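Protein chains: 2
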Amino acid sequence: MEHGGIDRRRLHELLWGTPGGPRRGPRPTLTVETIARAGIAIADADGLEGLTMQRVAESLDVTKMALYRYVPGRAELVALMLEVAIGEPAPPPPGADWRTQLDDWTRQIFDRFRRHPWAHAATAAPRVPGPNELAWLERVVAALSGTGLTGGEQLDVAVLLIGHARNLAQHTTADSAPGQDREAAFTLLVRGREERYPALAAALRPAAGGEVDDNALDFGLARILDGIAALVAARAAGATSGLPPGNSGHRP
Amino acid sequence: MEHGGIDRRRLHELLWGTPGGPRRGPRPTLTVETIARAGIAIADADGLEGLTMQRVAESLDVTKMALYRYVPGRAELVALMLEVAIGEPAPPPPGADWRTQLDDWTRQIFDRFRRHPWAHAATAAPRVPGPNELAWLERVVAALSGTGLTGGEQLDVAVLLIGHARNLAQHTTADSAPGQDREAAFTLLVRGREERYPALAAALRPAAGGEVDDNALDFGLARILDGIAALVAARAAGATSGLPPGNSGHRP
DNA sequence: TAAAAACTGTGTCCGTTGGATACGGTGTAC
DNA sequence: GTACACCGTATCCAACGGACACAGTTTTTA
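Chains as they are written, first to last, in this note's numbering: chain Y, 750 to 1001; chain R, 750 to 1001.
Have a look at this one:
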């Protein structure tokens, strides 16, 4: 199944189209957003593979085929669900510097992804971005507009941060502590294979210290923001001496 | 479809089990690895939703049900495909410092993910790691064992780097330049909506500079490694003064 | 050497899925 | 008022993952 790809034209119209004027015929009993919210509820509970057109229709008290009057197919429905589930970003805290804004931004989008575990799989393929998705992006770029970073670099920062948030939201499966499950599973696998994975065995030993308060989201975010801060500082220093904002990577 | 979850016990046996001694009955015509490689070829060409048991069986000249003698089901097949497609990591360049090693490591796993676009979707759900996946992890931890980072932090670095590589492998869809498609698509969407996305519009303006040689992988990787370097330096300075390796995040 | 046991690949069957299509009812514009 | 556009529904279909019983093949056991 998965009959063909997604209908980009209709999806774009659904994401960006205006409500439209008066129309003929009977009044629609549903809305695209209503359908999307029903799908979100199902996917939140049973994951993306538990989302069937039948179940969505049942939860709305309509027939399965009625949904196709609003949505071209299942793939487009998932795309619309994503746009609705991500929602609008909260307004930035006024007067905060770029680092505080990006820190806050990453944690917010992390929360959204964690609330909807299926969102990770839904964003696995290249897709048509919706208004909300662009609004989130706008916030990152706006936070960085004061720094010396170029436009392309600002977008790269957004890609970097959203990737980290999304990745960590997947690893943190809501139920227990962020790193606890991971380390426990690894410890079981490495046990008896210490000669094959010596460094891993050493790292998993309790004596390695620092496991308490381990939080992969905080750790990675702090590292990323540190790295961005270093670049911002370099740009600020270079701008006064007329240095062009060229390649600042450390590729050996 | 997607009949139930994956059979963790059989998958663990398939990933970690030994070849086993002599067995009764007719000799098997297939191998699990043969099946996995056939699946990889199909998924590489037509994506994960083009992967059906029927097609895998046809490409191996057997019946669909014959595959179930080797693999519990489709989900487990995908997991095995992932382990085979990722493969063993290349040996680290001898004598390289941790930064060079991690840089090299990230680019290598980025390449693997880019070669198999379906791998991103295959790693969307929490899974049972295989020997190869653990070997990749081992390399990161080994590279960092000389630094002052704790075991948990070393694992966090691995999560951070693999997340970035995987994320960028998705955005870079092999065909064209890494950031070109992205910016072109964004520009089209923002056009006519500059008042709604002002910062984004400014960032996408050609006058923003720096678009040339834009590479999101290089950019993010350099930022991450810069951030890790700062932590390593702080740990090295703190170790001589007896500072405990506590929280070094910058949460405001 | 004969028989039993274990394992293989195959054919048949089933429930569920996404989706196409044709139909009758319903509301608006001319 | 009437034609037309739109709605929800009922029916139908192909493709999918998988269960199950069966017949053939090889090794172990008696």
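Every residue, glycine too, gets a C-beta built ideally from N, C-alpha and C.
Here the structure is a predicted model, which means the values were calculated and not measured.
message: Does I891 (chain R) pass the burial test, meaning 16 or more other C-beta atoms within 10 Å, or should it be called exposed?
response: Looking up residue 891 (chain R) in the second sequence gives position 142. Rather than Ile, the amino acid found at residue 891 (chain R) in this sequence is Ala. A891 (chain R) comes out buried.
Three-state secondary structure (DSSP) of D846 (chain R): Start at 1 with the first residue of the second sequence, and residue 846 (chain R) comes out as number 97. Residue state, collapsed to three classes: coil.
task: Report back the beta-carbon spacing between L970 (chain Y) and H920 (chain Y) to the nearest angstrom; my notes put them in contact at under 8 Å.
output: Walking along the first sequence from the start, residue 970 (chain Y) turns up at place 221. Walking along the first sequence from the start, residue 920 (chain Y) turns up at place 171. Not a contact, Cβ separation roughly 14 Å.
query: Taking the continuous alpha helix (DSSP H) assigned at E944 (chain Y), which residues delimit it?
result: Taking the first residue of the first sequence as position 1, residue 944 (chain Y) is located at position 195. E944 (chain Y) -> no alpha helix (DSSP H), and no H or E assigned at all.
- prompt: Would P821 (chain R) pass as a contact of R759 (chain R) if the rule is Cβ separation under 8 Å?
  reply: Position 72 of the second sequence, counting from 1, holds the residue named residue 821 (chain R). Position 10 of the second sequence, counting from 1, holds the residue named residue 759 (chain R). For P821 (chain R) and R759 (chain R), yes; Cβs fall inside 8 Å.
- prompt: Near P843 (chain Y), what residues of its chain come up, given a Cβ to Cβ distance below 8 Å and the 5 sequence neighbours on each side ignored?
  reply: Counted from its first residue, the first sequence places residue 843 (chain Y) at position 94. Excluding its 5 nearest sequence neighbours in each direction, P843 (chain Y) has no C-beta neighbour in its own chain below 8 Å.
- request: State the Cα-Cα distance for the pair A907 (chain R) and E837 (chain R), rounded to the nearest angstrom.
  value: Taking the first residue of the second sequence as 1, we reach residue 907 (chain R) at position 158. Taking the first residue of the second sequence as 1, we reach residue 837 (chain R) at position 88. Going from the Cα of A907 (chain R) to the Cα of E837 (chain R) covers about 16 Å.
query: Cβ of S808 (chain Y) less than 8 Å from any chain R Cβ?
result: Sequence index remark: in the first sequence, residue 808 (chain Y) carries index 59 (1-based). Chain R, which has no Cβ nearer than 8 Å to the Cβ of S808 (chain Y), makes this no.
task: Measure the alpha-carbon distance for T872 (chain R) versus A792 (chain Y) and round it to whole angstroms.
output: Within the second sequence, the letter at position 123 stands for residue 872 (chain R). Within the first sequence, the letter at position 43 stands for residue 792 (chain Y). Those two C-alpha atoms are separated by around 18 Å.
task: Under 8 Å Cβ to Cβ from A1007 (chain Y), same chain only, skipping five residues before and after it: list those, please.
output: Limits of chain Y in this structure are 750 at one end and 1001 at the other, which puts residue 1007 (chain Y) out of reach.
- prompt: Regarding L949 (chain R) and the ligand NAP, is the C-beta to nearest heavy atom distance less than 7 Å?
  reply: Ligands displayed in this structure: none; no statement on the ligand NAP is therefore possible.
- prompt: Distance, Cα to Cα, A738 (chain Y) vs N916 (chain R)?
  reply: Since the first residue shown for chain Y is 750 and the last is 1001, residue 738 (chain Y) is missing from the structure and cannot be characterised.
task: For A934 (chain R), count neighbouring Cβ atoms within 10 angstroms of its own Cβ and tell me buried if that reaches 16, exposed if not.
output: Here residue 934 (chain R) refers to the residue found at position 185 of the second sequence. With fewer than 16 Cβ atoms within 10 Å of its Cβ, A934 (chain R) is classed as exposed.
message: Does T767 (chain R) pass the burial test, meaning 16 or more other C-beta atoms within 10 Å, or should it be called exposed?
response: Here residue 767 (chain R) corresponds to residue number 18 of the second sequence, with the count starting at 1. The residue in question, T767 (chain R), is exposed, as its Cβ has fewer than 16 Cβ neighbours within 10 Å.
task: Assign R972 (chain Y) to one of two classes, buried (16 or more other C-beta atoms within 10 Å of its C-beta) or exposed (fewer than that).
output: Within the first sequence, residue 972 (chain Y) is the residue found at index 223, counting from 1. The residue is buried, with at least 16 neighbouring Cβ atoms inside 10 Å.
task: Note the first and the last residue of the continuous alpha helix (DSSP H) segment covering H865 (chain R).
output: The residue you call residue 865 (chain R) lines up with position 116 of the second sequence. Element bounds for H865 (chain R): n/a, residue is neither H nor E.
message: Which residues in chain Y have a C-beta closer than 7 Å to the C-beta of E946 (chain R)? List them in chain order.
response: Indexing the second sequence from 1 puts residue 946 (chain R) at position 197. Reading off the sequence shown, one finds Tyr at residue 946 (chain R), where the question assumed Glu. Against Y946 (chain R), the close residues of chain Y are L883 and E887, in the order they occur along the chain (beta-carbon pairs closer than 7 Å).
Sub-8 Å separation of W867 (chain R) and V889 (chain R) beta-carbons: Taking the second sequence and counting its residues from 1, one reaches residue 867 (chain R) at position 118. Taking the second sequence and counting its residues from 1, one reaches residue 889 (chain R) at position 140. Here W867 (chain R) is not near V889 (chain R), since their CB atoms are 8 Å or more apart.
field: Proximity below 8 Å, CB of G897 (chain Y) to CB of R954 (chain Y)
entry: Taking the first sequence and counting its residues from 1, one reaches residue 897 (chain Y) at position 148. Taking the first sequence and counting its residues from 1, one reaches residue 954 (chain Y) at position 205. Not closer than 8 Å, so no.
query: Where E798 (chain Y) and L800 (chain R) are concerned, what is the direct C-alpha to C-alpha distance, given to the nearest angstrom?
result: Here residue 798 (chain Y) is taken as the residue at index 49 of the first sequence, counted from 1. Here residue 800 (chain R) is taken as the residue at index 51 of the second sequence, counted from 1. Taking the straight line from one Cα to the other gives about 16 Å.
- request: Report buried or exposed for D846 (chain Y), applying the criterion of at least 16 other Cβ atoms within 10 angstroms of its Cβ.
  value: Translated into positions along the first sequence, residue 846 (chain Y) becomes position 97. With fewer than 16 other Cβ atoms within 10 Å, it is exposed.
query: Taking all protein chains shown into account, do 16 or more other C-beta atoms lie within 10 angstroms of the C-beta of D860 (chain R), making it buried, or fewer, making it exposed?
result: Start at 1 with the first residue of the second sequence, and residue 860 (chain R) comes out as number 111. Per the 10 Å Cβ criterion, exposed.
query: Are the C-beta atoms of V811 (chain Y) and some chain R residue less than 8 Å apart?
result: Here residue 811 (chain Y) corresponds to residue number 62 of the first sequence, with the count starting at 1. So, not an interface residue.
- request: Quick one: list the residues of chain R neighbouring E837 (chain Y), beta-carbon separation under 9 Å, in chain order.
  value: For this step, residue 837 (chain Y) is matched to residue 88 along the first sequence. Ordered by position in chain R, no residue passes the 9 Å Cβ test against E837 (chain Y), which lies about 12 Å from the chain.
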